[in-house]
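Novice: Mapping of the sequence shown onto our numbering: position 921 corresponds to residue 916, and the numbering continues sequentially without gaps. Can you keep this structure in mind? I'll have questions shortly.
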Amino acid sequence: MTFSSLVLETNRLQDIAWTEVYPALLLYGEDVDGQLASEGGSVKMMANFLPFLQEVYVFVNRCYEVFRNAILQMYNFYLIREDVLERTRQRAMLRMWRAVGGLLSVFIFLDEIIRSHPLILSHWSFFVKSMQSVLHNPSLFNADSPLLKPLSNVVQQIGSMIMDGFIFKNCCQQPFQAALHADLSFCEHIRNIILSMYTRWERVASDDIADKRLLSSIIALATFHSHLFRTVDKKLFKMIWHSNNRLATFHVIGDIVWTPCDFLIKNVSELEKAIDKKSLSFVGEFRSVPVAQKTALLAQEMTTTANLLTEWIFKMEEELRNWPIENVHGHLKQRIILFLEGMRQADLLSRTVKLVLCGTLNEKKPLSRSVAMDCLRFIQLIKAYPLDHHFCYGTRNDNFFLEDTFKNIFCDEVESTFIKWWNEVFECIQQGLQHWSGQLLRLVNNARESLRSEAVLSNDKVDIISSLTIAGLSLSGSNITILHLFSVSSIRMTVAGIALDFVQYAKIFRSEELETANDLICRMETFLKFQQTLARLCSCSFLFWHRSLISTYFDSLINESVQYVEYFFAAVTDVETLLNACRHVDPGNLKKKFCSEIFDDFEKKFLMKLCEAVETDLRLSMHSYLQPVEAKLAKGPVQEKSFHLKRLLDLPPLFLCGQFFDVKRYTELHLERAFYNLTAVALHDCHTYVEMRLLAFEKYGLHLCESHLPFQTLDQGSDMLLITRNLHLFVSNYNYNLNGQFFIEKDSRNKHLNILSVEHVANSVRTHGTGIMNTVINFAYQYLKKRFFVFSQFLYDDHIKGQLIKEIRYFQSNADQLNKMYPMKRVQRFNSRIRRLGVTDEGLSFLDKFRILITNIGNVMGYVRLVRSGSIEASSHSLAFLRDPDDVVSFASLATDSSFSAETVEAAKFLDEVLEETAKSVNQSNNYLQAGIFYLHYGVFYLQILVEVFSKELRNFEKYEHLRNFYVIVPSLTVNYVESILNCKGTLGRRSQQNSSFTDDGFVLGIAFILTTLDQIGKFESLNWFASVEKRCEDESVVAKTPRNLGSRLELEPSVKIRIAKLEHYQKVLFS
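Here is the structure:
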């Protein structure tokens, strides 16, 4: 039991080294947050790594203790007297020595990792120097702590044991009792054991794949033997030296490649006594030559291995498809052979690609693109071996399928073949273990019963019977619960193996029984660790040190016929398991960084190129009618890239870093975004992108959503959004026509004038949505606020305010004499007085500028009115789906009667509200100033809101008393407006005249809006201004028509006719 416990402990320590210690040391130096770029970053990183180094120190110490205990136990067992236990010197205990050799190999690989990782050594050197500085002057670094000295001692111990790179040497040179060093018989005993282990290794390596871990254990034991007894056995090391013929160099872990002969030269003194100088001189080639040979034969090996894998996959499919009814034992044996063959092929593939990649990396040689592609193919063979010459690619929801006879057999691979049939594989392994344990148990029981049947039992035979009984109990599981009956485990197999070694089963079994027992033990030990071994052989975590290879693969996907990308991503995902062992930074952050780098590279070198290639192909297909017929006929199917692009788009969802992403969906989103942006920029190309969207579905099966942007018409006109942003320029440069409800440009350098009509606004609303109406009101409010400030300043002027007050007093005192009609003469006199105050360079008086101000205000209101009409026009298209807006069925009641969910009923109520408000909007009054403009979704009366907003402030006549007088200046403004419009119409068409105005209804709308805002409509009507103007025109017309001399002719003179025509034109403009 002591030996079993030691073997189990050494196995546990080896597992810890391979899964925790080695990966953490290899990953050191990966900078996640840019720590190394900062000052003292290397010291900080090593400080974060120090707790793990202390764990490694404890781990190495524990390994030393277990190793020393194992050696002393074996030596004391060797020294047991014959009267206590017979033939102890003849008991080899190979399993025990193999475990000791495995523990020694842990030290060898630890030293190799430390020496091959210069960043750890350099950072450790900086850290030690920093510690020395702190110890020299602790107060300078605020480090006055009693724990500083113990910390320094720990750092010193870690450096001497681990960082010096002599872990293996220190273990071998640890002192034992003097008798052990001088015991030549024990020296010969260990030598014979090593020779026996090497002979078995050589025999297996000559027929099959060489066991690299067993070789490292043998070399470690031989080196320890030379250190322990301070002698170099020529025969032993000469035999071991020839192992380079079978396995000259091999990959260990990460990017570490180990050469056994190179290790012997560095760690075995006086090796030149056993090995000739010529062989020693070629040791440098033992690393480079195998790598060069493997690289040169990579393509050939790939073809050979692919053929073998093809045959293996078909056999697996055929054998595991149905459980046999007859000859179960024969089928079980055949399946076990297939499982071993699959593991063998995976080992061959893994060894080849790891040796080529890591060997080239260590030699710092460039990797050609052809070799890189062959290595990528090997990785695909490990993770996913496709049957290229039998399979074709299906649709997006299909897997790879056979064309003819094997149509229903899916393409699988080394690892995923086992995963696919894992239930059957697991069942076969369990049955095999039970069958083999039963066979071995029968051999053990037969040997035990044979010894018991003897008449005289010596002490030696009693010990043998006892050991066989222990082995039988371990194999039968009689000491465990019924649920685990006949369930063989690694622990019980170890106990059984030690017990059989103890009794020297090679001597108590017959030759045929011995061969059967060895085969059974080998199979049981192999399949007890089948899952772990398969995961180790198929792991591609070494890709973390070859990220440039991953980038090369992504770059080759578009241009080369590379398939089965999902299996390569499965290989990349293996790196995540490795990154979990990181200790100097948070493993989660390191995985995020790695995944981010991989995805960014994949997006840059594959996804974006794929999207661009698909978009380019769609554009070329859209313009294929421009190509000559000869070019179309010359382009065969082979030259078309569409099939290759479709195959890439039909890739199944790829898994990376715990999440799936779909290549096809990524392409769809990219094209949707591109088509939307390009359509928004140039709406006249909308039909082109609609056709490209349909073509993408027909050609590649891409489901692209519609852009939901309106198609641009030929009379699209000016964009309302641009007009709103430049509202101050628009109202100054355009004139409003109230009846036609359109704006026309005052002047243009071109031969045409731009207009803005209801149809143009409707097109803009369909383009930008009805939400733009809120933007219009906000800009209108901001503009009006500034204009009303200027408006108030003009009326506040002393000259203007004095004249207005004078006119009010005059009218109030003479109202009866004037028949309550404000006279025209007073208006003309007022205008002349204002003009005498000064004119601008353009000949405009202050009253002209004030009229233009009011016109601009009116143009803003006209623009709001136009926007309202345009929104109704745009909404009328959607109302076409309603038969009668006034007679719409209540969707809320229908949803309630149908027992729909509460969310559906709520949505139906909202739809009813929208339809109701839409009907109100259609049927609303056209009294815009009082009824307002109704917004379809919110029911906001825009013009009424503007009136209410400004009236609250401007009607405060205690604060703005000068605004009370505005209604009196309206007659003067009307006369000024009529004269201005008549002047424009009179000069219309003249070449020298730049102003082309013939309508300016913004003034009318502005006067109405201001009078409503100031609540002065009643006061203005009290002036009876329009009646006064009409009476004045009639009087002048009568005077003009009356002859001055009764004796003259009755016909009117031409000047009189012109005067009468002007009066009529004046009346028409004023009252139209």
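No residue lacks a Cβ here, since even glycine has one placed at the ideal position from N, Cα and C.
Spatial neighbours of M(-4) within its chain, please: CB distance less than 7 Å, with the 5 preceding and 5 following residues excluded, ordered by chain position.
Specialist: Nothing meets the Cβ criterion.
Novice: If you count every other CB in all the chains shown that lies within 10 Å of the CB of T347, and 16 or more means buried, which is it?
Specialist: By the 10 Å Cβ count, T347 comes out buried.
Novice: Per DSSP, L751 forms a beta bridge with which residues?
Specialist: DSSP lists F738 as partners of L751.
Novice: State the Cα-Cα distance for the pair T14 and G249, rounded to the nearest angstrom.
Specialist: Cα to Cα, the separation comes out at about 12 Å.
Novice: Do the region 883 to 899 and the region 755 to 772 meet, that is, are 3 or more Cβ pairs less than 8 Å apart?
Specialist: Touching, no, given that fewer than three Cβ pairs across the two stretches are closer than 8 Å.
Novice: Per DSSP, F245 is paired with what?
Specialist: Beta-bridge pairing links F245 to W253.
Novice: Would you check if there are 3 or more beta carbon pairs closer than 8 Å linking the region 144 to 158 to the region 67 to 74?
Specialist: Cβ pair count under 8 Å is below three, so no.
Novice: Assign D612 to one of two classes, buried (16 or more other C-beta atoms within 10 Å of its C-beta) or exposed (fewer than that).
Specialist: Classification of D612: buried, given that the 10 Å Cβ count is 16 or more.
Novice: Let me know if Y778 comes out buried or exposed under the rule of 16 or more other beta-carbons within 10 Å of its beta-carbon.
Specialist: Counting Cβ neighbours within 10 Å, Y778 comes out buried, since at least 16 surround it.
Novice: Which residues in the same chain as N971 place their Cβ atom closer than 7 Å to its Cβ, once the five residues preceding and following it in sequence are excluded?
Specialist: For N971, where only same-chain residues beyond five positions count, the Cβ hits under 7 Å are N826, L842, D843 and R846.
Novice: If you follow the beta strand (DSSP E) that N730 is part of, which residue opens it and which one closes it?
Specialist: Note, N730: beta strand (DSSP E), Y729 to N732.
Novice: May I ask you to report which of helix, strand or coil DSSP gives W13?
Specialist: DSSP places W13 in helix when its eight states are reduced to three.
Novice: Take T290 as the anchor and find which of L356, G467 and E265 has the nearest alpha-carbon.
Specialist: Selected option, being the one with the closest Cα: L356.
Novice: V834 bridges to which residues according to DSSP?
Specialist: Answer by DSSP bridge pairing, in chain order: S840.
Novice: For S551, which three-state DSSP category applies?
Specialist: Residue state, collapsed to three classes: helix.
Novice: Whole angstroms is fine: what's the gap from N418's alpha carbon to F656's?
Specialist: Computed Cα separation, rounded: 29 Å.
Novice: Looking at the secondary structure, which residues open and close the alpha helix (DSSP H) in which Q798 lies?
Specialist: D793 to S808 is the span of the alpha helix (DSSP H), which, as asked, contains Q798.
Novice: Where are the alpha helix (DSSP H) runs, 4 residues long or more, that stay fully inside the region 144 to 209, in chain order?
Specialist: Those alpha helix (DSSP H) runs which fall completely within the region 144 to 209 and span 4+ residues are 162 to 167, 173 to 177 and 179 to 202.
Novice: Going by DSSP, what residues sit across from F692 in a beta bridge?
Specialist: Beta-bridge pairing links F692 to no other residue.
Novice: Kindly indicate which residue of D178, L116, R339 and K796 has the alpha-carbon position closest to the one of D202.
Specialist: Out of D178, L116, R339 and K796, R339 has the C-alpha closest to the C-alpha of D202.
Novice: Apart from the five residues just before and just after L327, which ones in its own chain have a Cβ nearer than 8 Å to its Cβ?
Specialist: Correct list, in chain order: C423, Q426, G427 and H430.
Novice: Taking a contact to mean a Cβ-Cβ separation below 9 Å, would you say F54 touches A19 in this structure?
Specialist: Result no, Cβ atoms of F54 and A19 do not sit closer than 9 Å.
Novice: Looking only at its chain, what residues have a beta carbon closer than 7 Å to the beta carbon of R110, apart from the 5 residues adjacent to it on each side?
Specialist: Only G160 meet the Cβ criterion.
Novice: Does the beta-carbon of P319 have 16 or more other beta-carbons within 10 angstroms, so that it is buried, or is it exposed?
Specialist: That one is exposed.
Novice: Specify, as a first and last residue, the run of the alpha helix (DSSP H) that L142 falls within.
Specialist: Note, L142: premise wrong, no alpha helix (DSSP H); not H, not E.
Novice: May I ask you to verify whether the region 36 to 49 touches the region 564 to 577, counting CB pairs closer than 8 Å and requiring at least 3?
Specialist: Verdict: no, contact absent.
Novice: Report yes if the C-beta distance between I235 and W92 is below 9 Å; otherwise report no.
Specialist: For I235 and W92, no; Cβs fall outside 9 Å.
Novice: Could you check if L716 is buried or exposed, using at least 16 other CB atoms within 10 Å of its CB as the buried criterion?
Specialist: Looking at its Cβ environment, which holds fewer than 16 other Cβ atoms inside 10 Å, L716 is exposed.
Novice: On the three-state DSSP scale, how would you describe L646?
Specialist: Coil, per DSSP.
Novice: Would you report the Cα separation of V323 and E314, rounded to the nearest angstrom?
Specialist: Looking at the two C-alpha atoms, the distance is approximately 12 Å.
Novice: For S894, is the classification buried or exposed, using 16 other Cβ atoms within 10 angstroms of its Cβ as the cut-off for buried?
Specialist: Exposed: under 16 other Cβ atoms inside 10 Å.
Novice: So, at 8 Å on beta carbons, what are the nonlocal neighbours of S140 in its own chain, with the 5 sequence-adjacent residues on each side left out?
Specialist: P133.
Novice: Give a yes or no on whether the C-beta atoms belonging to E25 and K588 are separated by under 9 Å.
Specialist: Going by C-beta atoms, E25 is nearer than 9 Å to K588.
Novice: Scan the region 485 to 535 and note each continuous alpha helix (DSSP H) run of 4 residues or more that stays entirely inside, going in chain order.
Specialist: Correct list: 485 to 497, 500 to 503, 506 to 523 and 525 to 533.
Novice: If distances are taken between C-alpha atoms only, which option among G865, F122, C58 and I75 comes closest to V95?
Specialist: Checked all of G865, F122, C58 and I75; the closest Cα to V95 is C58.
Novice: Could you check whether F413 and L529 sit closer than 9 Å to each other, using their CB atoms as the reference points?
Specialist: Contact: yes.
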